[in-house]
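Asks: Once you've had a glance at the structure underneath, I'll fire off some questions.
2 protein chains.
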Amino acid sequence: MSGRGKKIPVIGGGSAGGFPSAHTAKRFYRDAKVSIIEKEEKTLVPCGIPYIFGTLSSIDEDLFKVDYEKYGIELMAGEKVDEIKRGEKKVRTEKGREIGYDKLVLATGSRSIMPPIENSDLENVFIIEKDYEHTKRVLDGLRGKKKIVLVGGGFVGVELGDELRKREYDVTVVEVLPHCLQLVFDDEFCELVENKLREIGVKLQTGRKIERMLGKKKVEGVELDDGTKMDADAVIITVGTKKNVELAKEAGLKVDDTFGVKVDEYQRTSDEDIFAVGDCAYKFSFFTKKPSSVMLASVASMEARIAGANLFKPVRKNIGVIGTCSTAIRDTAFGVAGLTEKAAKEEGIRYIVGNATIPDKHPPAMPGMTRIKMKFLFEEEEGEIIGAQLCGSHIVGELANMVTLAIENRMTIDEVATFPAATHPCITAPPAFYHLTQAAEDARMKIK
Amino acid sequence: MSGRGKKIPVIGGGSAGGFPSAHTAKRFYRDAKVSIIEKEEKTLVPCGIPYIFGTLSSIDEDLFKVDYEKYGIELMAGEKVDEIKRGEKKVRTEKGREIGYDKLVLATGSRSIMPPIENSDLENVFIIEKDYEHTKRVLDGLRGKKKIVLVGGGFVGVELGDELRKREYDVTVVEVLPHCLQLVFDDEFCELVENKLREIGVKLQTGRKIERMLGKKKVEGVELDDGTKMDADAVIITVGTKKNVELAKEAGLKVDDTFGVKVDEYQRTSDEDIFAVGDCAYKFSFFTKKPSSVMLASVASMEARIAGANLFKPVRKNIGVIGTCSTAIRDTAFGVAGLTEKAAKEEGIRYIVGNATIPDKHPPAMPGMTRIKMKFLFEEEEGEIIGAQLCGSHIVGELANMVTLAIENRMTIDEVATFPAATHPCITAPPAFYHLTQAAEDARMKIK
Chain A
23 MSGRGKKIPV
33 IGGGSAGGFP
43 SAHTAKRFYR
53 DAKVSIIEKE
63 EKTLVPCGIP
73 YIFGTLSSID
83 EDLFKVDYEK
93 YGIELMAGEK
103 VDEIKRGEKK
113 VRTEKGREIG
123 YDKLVLATGS
133 RSIMPPIENS
143 DLENVFIIEK
153 DYEHTKRVLD
163 GLRGKKKIVL
173 VGGGFVGVEL
183 GDELRKREYD
193 VTVVEVLPHC
203 LQLVFDDEFC
213 ELVENKLREI
223 GVKLQTGRKI
233 ERMLGKKKVE
243 GVELDDGTKM
253 DADAVIITVG
263 TKKNVELAKE
273 AGLKVDDTFG
283 VKVDEYQRTS
293 DEDIFAVGDC
303 AYKFSFFTKK
313 PSSVMLASVA
323 SMEARIAGAN
333 LFKPVRKNIG
343 VIGTCSTAIR
353 DTAFGVAGLT
363 EKAAKEEGIR
373 YIVGNATIPD
383 KHPPAMPGMT
393 RIKMKFLFEE
403 EEGEIIGAQL
413 CGSHIVGELA
423 NMVTLAIENR
433 MTIDEVATFP
443 AATHPCITAP
453 PAFYHLTQAA
463 EDARMKIK
Chain B
23 MSGRGKKIPV
33 IGGGSAGGFP
43 SAHTAKRFYR
53 DAKVSIIEKE
63 EKTLVPCGIP
73 YIFGTLSSID
83 EDLFKVDYEK
93 YGIELMAGEK
103 VDEIKRGEKK
113 VRTEKGREIG
123 YDKLVLATGS
133 RSIMPPIENS
143 DLENVFIIEK
153 DYEHTKRVLD
163 GLRGKKKIVL
173 VGGGFVGVEL
183 GDELRKREYD
193 VTVVEVLPHC
203 LQLVFDDEFC
213 ELVENKLREI
223 GVKLQTGRKI
233 ERMLGKKKVE
243 GVELDDGTKM
253 DADAVIITVG
263 TKKNVELAKE
273 AGLKVDDTFG
283 VKVDEYQRTS
293 DEDIFAVGDC
303 AYKFSFFTKK
313 PSSVMLASVA
323 SMEARIAGAN
333 LFKPVRKNIG
343 VIGTCSTAIR
353 DTAFGVAGLT
363 EKAAKEEGIR
373 YIVGNATIPD
383 KHPPAMPGMT
393 RIKMKFLFEE
403 EEGEIIGAQL
413 CGSHIVGELA
423 NMVTLAIENR
433 MTIDEVATFP
443 AATHPCITAP
453 PAFYHLTQAA
463 EDARMKIK
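Those protein sequence lines, which keep their order, are chains A and B.
Be aware that the first sequence starts at 23, since it is given in our numbering, and climbs by one per residue.
Be aware that the second sequence starts at 23, since it is given in our numbering, and climbs by one per residue.
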């Protein structure tokens, strides 16, 4: 169908969920009126926010800039939807505007919340929000400061640490778990991350909790749970996220308090005319089919391309969360696809590990050659690949994506081991020692 | 089985076929006596040879260096096998040495041949051979020269052109077909290659044949088929390859004159105790099952890992040649996986094309961002992905490999379009505009 005469508004547009939903809807239903209702006037690229604090020369370089007209999408910026009137098939914005819909997509995302820490209302204690004006305030607030404490060693904390060092701030990351990125990688990869952070001068306090902020009006320091006191001119808190499900809840859609707006594998909510994608939407694991609390741009974007296509007829199905992500500290990238050992153990999945450390160019004398460390997990019984972790040069990002493809297709050890990877001296590992094949062969030898 | 008491020699070891065959054999049959019989004393990394002429600081940096002992493989270097005595299950070398086998692997490869061009016996007319001493002679022969004509605009010609320019030679590539890399890419990608070559100062004479070499004792120039004469201090010929199948033929194995030593999908020759892999071995297309004349390290390496595992029991199967390869000219890489439009047309395969040009970092303001151009082919009926061509930064190498994985798993347009690629500002495209998904969506819109 062409979608002629149909109205398809998408709530939320500056994310990996909203825009691709609208884009896909317009691709599939080219005569429909597709619009994005976005509460912000200016929208930031969410993953780019840490880079505003170092690499990028201004906050405006991180604006999500799309030629909406070119894609045939109407953008209503600065309009916050405060009610979905399902009976009338309309949404209403705070400004009182009413917008009718035939099919509605919720891409309301998630938001950062300030965790309950004593004195966190002091000046120069910040959280990171996906919000232009707020981010500008944080950026301004750091001006002239020296010592910064980052609370949380997840992706945002690690990336902010790297970026703030580029501007020569004195940076300490405080992480309550034993390691940074502990929820993402197995310990030996966390340690590689931490080594790299230390190498660029980021101080780490892992296994430590912030007890309270110190200071009177402005923050002057933090106190840790072991009594350690550290000076700080500013504190940035990168822990605590909440799914934006209030709108859906108030409209009477089924919402799971932990996992978000209930959707089926076609991204349909409990109302067949309303779809939900991204952080706000319920997800399930590719491996176990259990609900998943992962919030990733990769998953949001996949769900968007499913929802956008399915609006008037289900054609695409969600395969569940494989859970691939990557980050970089300077020239070193880190990637993970699928399950870690930790995750596999938690799920009671028996696995075989294959390791390999492989040059990213060949012969190894090629200038700029660095080695990539890989760890692969295969399910023991069927030999299917279920996960990988990687550390090395920037091609790690796409290697992690390759593994995701292999996982999605449930490739076995022997299939991965005989993968005919193209290789070239300047840009890849050698044919005789290619990453995927070598890690698979290493695992293969452990089959009894 | 452990392979105890079994002898497994591999003939040919400095290639993408020989070493991985031995390595895999040793992995699968750890108590077997695995050896490599290699005719050269010093073996070069074949794909690295062009880089000896520019990037690498000496020929020795391109030596294939492996700690054979660590892998439990015995290396017999400088031993050329001149007979396989199948009755006695022995091979004999030129030096008269006899080596028994239980299972034998032929990885005899291919060699360059001088095409029949008038006066090609003049001094300073060279071919490129996978041979240390020969390559050294070419390298020495170019010393002090200025003008070099490269005959052939395939991978080796293009890469040599790039490398020789790094040492400031005056370089002209003469290619008989209308474009460089014409047999590998569709025309618009060939043109990107040619633009890049011109940009770095390589002169091109495409659609032109060398009529004869000019000069008396030493080469002084070349004459083209249109009568054009060009000065040259040296000529390097990079066309003409022959499979090394003589040994197999003399031993009475079935050999196809065009496509090499006949093997089944387990890499077994017509003698069940002899396996063949790599350039010397018969291959078939993944797509059409027809014989394939492709000679690629990626394919050799895959076949090696199949043969090595299958020696005493077939466990791995050859899926056929997908045909992925990549190259780079300075910072720009070019990759192809599967079928081009040209190839699909020749085979009468109906297809849909999807195009996308996508940043390799995001937001686009990230320093060093370049755009990657992709072209995808999907088979029209089932919507399965059958090919891709890419041009852009060095991650193109792994993107081509990702496409190979997608092809191998016969993924459909909708599966590729909803692929949950992990993305990161420093190292990948944005989630809303990822290479694979966008090229797939573009194609998706062309389905009637």
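Glycine is no exception: its CB is placed at the ideal position from the N, C-alpha and C atoms.
Since this is a predicted model, take the numbers as computed values, not measurements.
Residues bridged to B:Met-396 by DSSP?
Replies: Here residue 396 of chain B is taken as the residue at index 374 of the second sequence, counted from 1. B:Met-396 pairs with B:Ala-378 and B:Leu-412.
Asks: Which chain A residues are close to B:Met-388, counting only those with a beta carbon under 9 Å from its beta carbon?
Replies: For this step, residue 388 of chain B is matched to residue 366 along the second sequence. Per Cβ cutoff of 9 Å: Gly-70, Tyr-73, Thr-77, Leu-78 and Glu-83.
Asks: Tell me the rounded alpha-carbon separation between A:Arg-432 and A:Gly-360.
Replies: Along the first sequence, one-based indexing puts residue 432 of chain A at 410. Along the first sequence, one-based indexing puts residue 360 of chain A at 338. The straight-line gap from Cα to Cα measures roughly 12 Å.
Asks: Is DSSP giving B:Cys-19 helix, strand or coil here?
Replies: Outside the modelled stretch of chain B, which goes from 23 to 470, sits residue 19 of chain B, for which no answer is possible.
Asks: If you compare alpha carbons, which of A:Val-195, A:Ala-350 and A:Leu-205 is closest to B:Ile-449?
Replies: For the purposes of this step, residue 449 of chain B is taken as residue 427 along the second sequence, with counting starting at 1. Checking every option, the nearest Cα to that of B:Ile-449 belongs to A:Ala-350.
Asks: Decide if B:Ile-469 is buried, meaning its Cβ has at least 16 other Cβ atoms within 10 Å, or exposed.
Replies: One-based indexing of the second sequence puts residue 469 of chain B at position 447. When all chains shown are included, B:Ile-469 counts as exposed.
Asks: What in chain A is Cβ-close to B:Val-321, meaning under 7 Å?
Replies: Sequence index remark: in the second sequence, residue 321 of chain B carries index 299 (1-based). Within chain A, the residues near B:Val-321 are Pro-442.
Asks: Counting beta carbon pairs with one atom in the region 215 to 225 of chain A and one in the region 99 to 108 of chain A, are three or more of them shorter than 8 Å?
Replies: No, the region 99 to 108 of chain A is not in contact with the region 215 to 225 of chain A.
Asks: In whole angstroms, what separates the C-alpha of A:Cys-413 from that of A:Gln-204?
Replies: Here residue 413 of chain A is taken as the residue at index 391 of the first sequence, counted from 1. Here residue 204 of chain A is taken as the residue at index 182 of the first sequence, counted from 1. So the two alpha carbons sit approximately 15 Å from each other.
Asks: With A:Gln-289 as the anchor, note down where its alpha helix (DSSP H) starts and where it stops.
Replies: Within the first sequence, numbered from 1, the residue matching residue 289 of chain A stands at position 267. Premise fails: A:Gln-289 is in no alpha helix (DSSP H) and is neither H nor E.
Asks: Is B:Pro-381 buried or exposed, if buried means 16 or more other CB atoms sit within 10 Å of its CB?
Replies: As a first step, residue 381 of chain B must be located in the second sequence, where it is residue number 359. By the neighbour-count rule (16 or more Cβ atoms within 10 Å), B:Pro-381 is buried.
Asks: Of the choices B:Ala-451, B:Ala-331, B:Lys-339 and B:Met-324, whose alpha-carbon is the least far from that of B:Ala-378?
Replies: If you number the second sequence from 1, residue 378 of chain B lands on position 356. Closest option to B:Ala-378, Cα to Cα, is B:Ala-451.
Asks: Taking buried to mean at least 16 other C-beta atoms within 10 Å of its own C-beta, is B:Thr-280 buried or exposed?
Replies: As a first step, residue 280 of chain B is located in the second sequence; it is residue number 258 there, counting from the start. Flag for B:Thr-280 reads exposed.
Asks: With 16 as the cutoff for other CB atoms within 10 Å, does A:Ile-81 come out buried or exposed?
Replies: As a working note, residue 81 of chain A is residue 59 in the first sequence. When all chains shown are included, A:Ile-81 counts as buried.
Asks: In three-state DSSP terms, what is A:Phe-356?
Replies: Within the first sequence, residue 356 of chain A is the residue found at index 334, counting from 1. Note: A:Phe-356 maps to strand in three-state DSSP.
Asks: Suppose the cutoff is 6 Å on Cβ atoms and the five residues either side in sequence are ignored; what does the same chain contact list for B:Gly-34 look like?
Replies: Within the second sequence, numbered from 1, the residue matching residue 34 of chain B stands at position 12. Closer than 6 Å at the Cβ level, and outside the excluded window around B:Gly-34, lie Gly-40, Ala-129, Thr-130 and Gly-131.
Asks: Using a Cβ-Cβ distance under 8 Å, would B:Phe-41 count as near chain A?
Replies: Within the second sequence, numbered from 1, the residue matching residue 41 of chain B stands at position 19. So, interface residue.
Asks: With burial defined as no fewer than 16 other Cβ atoms inside 10 Å of the residue's Cβ, what is the status of B:Val-283: buried or exposed?
Replies: Here the question's residue 283 of chain B lines up with position 261 in the second sequence. Label assigned to B:Val-283: buried.
Asks: Counting only Cβ pairs nearer than 8 Å, list the residues of chain B close to A:Asp-436.
Replies: Your numbering for residue 436 of chain A matches position 414 in the first sequence. Under the 8 Å cutoff, chain B gives Ala-331, Val-337 and Arg-338.
Asks: How about B:Ala-410 and A:Asn-423: do their beta carbons lie closer than 8 Å?
Replies: Residue 410 of chain B sits at position 388 when you count from the first residue of the second sequence. Residue 423 of chain A sits at position 401 when you count from the first residue of the first sequence. No.
Asks: Leaving out five residues on either side along the sequence, give the residues of the same chain with a beta carbon under 7 Å from the beta carbon of B:Ile-139.
Replies: Within the second sequence, the letter at position 117 stands for residue 139 of chain B. Excluding sequence neighbours, B:Ile-139 sits near Ile-232, Arg-234 and Met-235.
Asks: Cβ closer than 7 Å: which chain A residues qualify as neighbours of B:Asn-141?
Replies: Against the second sequence, residue 141 of chain B aligns to sequence position 119. By Cβ distance, chain A contributes nothing, its closest Cβ being about 33 Å from B:Asn-141, past 7 Å.
Asks: Tell me which residue opens and which closes the beta strand (DSSP E) that B:Cys-302 is part of.
Replies: Taking the second sequence and counting its residues from 1, the one referred to as residue 302 of chain B is at position 280. It is not in any beta strand (DSSP E) - B:Cys-302 carries neither H nor E in the DSSP assignment.
Asks: Which same chain residues, not among the five before or five after B:Gly-425, have their C-beta less than 6 Å away from its C-beta?
Replies: In the second sequence, the residue the question calls residue 425 of chain B occupies position 403. Note that residue 425 of chain B is Val in the sequence shown here, rather than Gly. Cβ neighbours of B:Val-425 beyond the five flanking positions: Ala-359 and Ala-410.
Asks: Compare the C-beta of A:Cys-212 with all C-beta atoms of chain B and state if any pair is closer than 8 Å.
Replies: The residue you call residue 212 of chain A lines up with position 190 of the first sequence. Not closer than 8 Å to any Cβ of chain B, the Cβ of A:Cys-212 fails to qualify, so no.
Asks: Counting only C-beta atoms, is B:Val-67 closer than 8 Å to chain A at any point?
Replies: Position 45 of the second sequence holds residue 67 of chain B. Yes - at least one Cβ of chain A is within 8 Å of the one on B:Val-67.
Asks: Taking all protein chains shown into account, do 16 or more other C-beta atoms lie within 10 angstroms of the C-beta of B:Pro-31, making it buried, or fewer, making it exposed?
Replies: In the second sequence, counting from the first residue as 1, residue 31 of chain B sits at position 9. Classification of B:Pro-31: buried, given that the 10 Å Cβ count is 16 or more.
Asks: Roughly how many angstroms lie between the CA atoms of A:Glu-268 and A:Ala-298, to the nearest whole one?
Replies: Translated into the one-based positions of the first sequence, residue 268 of chain A becomes position 246. Translated into the one-based positions of the first sequence, residue 298 of chain A becomes position 276. Taking the straight line joining both Cα atoms gives about 13 Å.
Asks: What is the DSSP secondary structure of A:Gly-39, counted as helix, strand or coil?
Replies: Position 17 of the first sequence, counting from 1, holds the residue named residue 39 of chain A. Residue state, collapsed to three classes: coil.
Asks: Are the C-beta of A:Arg-327 and some C-beta of chain B separated by less than 8 Å?
Replies: Taking the first residue of the first sequence as position 1, residue 327 of chain A is located at position 305. It does: the Cβ of A:Arg-327 has a partner Cβ on chain B nearer than 8 Å.
Asks: Find out if the Cβ-Cβ distance for the pair A:Arg-133, A:Glu-155 is shorter than 8 Å.
Replies: Here the question's residue 133 of chain A lines up with position 111 in the first sequence. Here the question's residue 155 of chain A lines up with position 133 in the first sequence. Contact: no.
Asks: Residues in its own chain within less than 6 Å of A:Glu-369 by CB, not counting five upstream and five downstream?
Replies: On the first sequence, position 347 is the one that residue 369 of chain A refers to. For A:Glu-369, where only same-chain residues beyond five positions count, the Cβ hits under 6 Å are Thr-310.
Asks: Whether or not the region 250 to 260 of chain A and the region 173 to 190 of chain A are in contact is what I'm after, with contact meaning three or more pairs of Cβ atoms, one per stretch, closer than 8 Å; do they touch?
Replies: Yes, the region 173 to 190 of chain A is in contact with the region 250 to 260 of chain A.
Asks: Determine, using beta carbons only, whether A:Met-136 comes closer than 8 Å to chain B.
Replies: In the first sequence, the residue the question calls residue 136 of chain A occupies position 114. It does not: the Cβ of A:Met-136 has no partner Cβ on chain B nearer than 8 Å.
Asks: Below 8 Å, can you find three or more Cβ-Cβ pairs linking the region 385 to 399 of chain A to the region 70 to 90 of chain B?
Replies: The answer is yes - the region 70 to 90 of chain B touches the region 385 to 399 of chain A, with three or more Cβ pairs under 8 Å.
Asks: Excluding five sequence neighbours on each side, which residues of the same chain lie with their C-beta closer than 7 Å to the C-beta of A:Asn-340?
Replies: Taking the first residue of the first sequence as 1, we reach residue 340 of chain A at position 318. So the qualifying residues of the chain are Glu-287, Gln-289, Glu-325 and Ile-328.
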